[in-house]
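Numbering (this note's numbering), first residue to last: 112 to 199. Heads up: the structure comes next, in structure tokens.
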């Protein structure tokens, strides 16, 4: 099953131009690099839905938290952390 995981943009350290930007995104405490090319409006502090390393949508905080909690409950977040742990 292909899922988009919500995360919060904590930094945008790489910006080659206005379109190609790479952000640091926090997924329950786990930081990953995420391509922001599909969401040029995304800014630090925004929540984004991420699929295979690419942010595909900006979402509000409430929706992001509900989705993240649901994915934790059904066990779909193990691959984010080391040895299957998701840090909250």
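Ideal Cβ positions, reconstructed from N, Cα and C, are used throughout, including at glycine.
query, result
"Coarse secondary structure for residue 131, derived from DSSP in three states", "coil"
"Secondary structure of residue 114, DSSP reduced to three states", "coil"
"Proximity test, Cβ basis, 8 Å: residue 175 and chain D", "Looking at the structure shown, chain D is missing, and only one protein chain is on hand."
"Residue interval of the beta strand (DSSP E) (run including residue 160)", "158-162"
"Alpha carbon of residue 135 to alpha carbon of residue 124, nearest angstrom", "7 Å"
"First through last residue of the beta strand (DSSP E) which encompasses residue 183", "Note, residue 183: premise wrong, no beta strand (DSSP E); alpha helix (DSSP H) at 172-184."
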